[in-house]
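Residue numbers (the working numbering): 6 to 118. For reference, the structure discussed in these notes is given below.
Below, the structure is given as structure tokens:
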């Protein structure tokens, strides 16, 4: 399975439709497999990001704020979305892999930045 996290600096990007960088991590047996990929997007576009998510065969999206139209599209494509995540992207990934991440989570690491 592949997880995509919208990124801004070292944090989960606050808005899906304004993200210009994403991290894609392949997960096998509950752990990251291979090298994570950072992708710089040519421009911020929720529609183009949704298309890339489908093209990359992503299973799960971790992001900040997400417009309802993009959320519904991803759900229609059978992609799980955890939105409203606030905090460092590395911590979001760790919490997800440990089964401790839910939508609208403010991660403790946000206080350390």
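Note that beta-carbon positions come from the ideal geometry of N, C-alpha and C, so glycine has one too.
At a Cβ-Cβ threshold of 8 Å, residue 58 and residue 84 count as neighbours.
Closest by C-alpha distance to residue 80, out of 45, 112, 63 and 90, is 63.
Put simply, the backbone Cα of residue 76 is about 12 Å away from that of residue 20.
Within 10 angstroms of the beta-carbon of residue 35 lie fewer than 16 other beta-carbons, which makes it exposed.
The straight-line gap separating the alpha-carbon atoms of residue 51 and residue 113 is approximately 27 Å.
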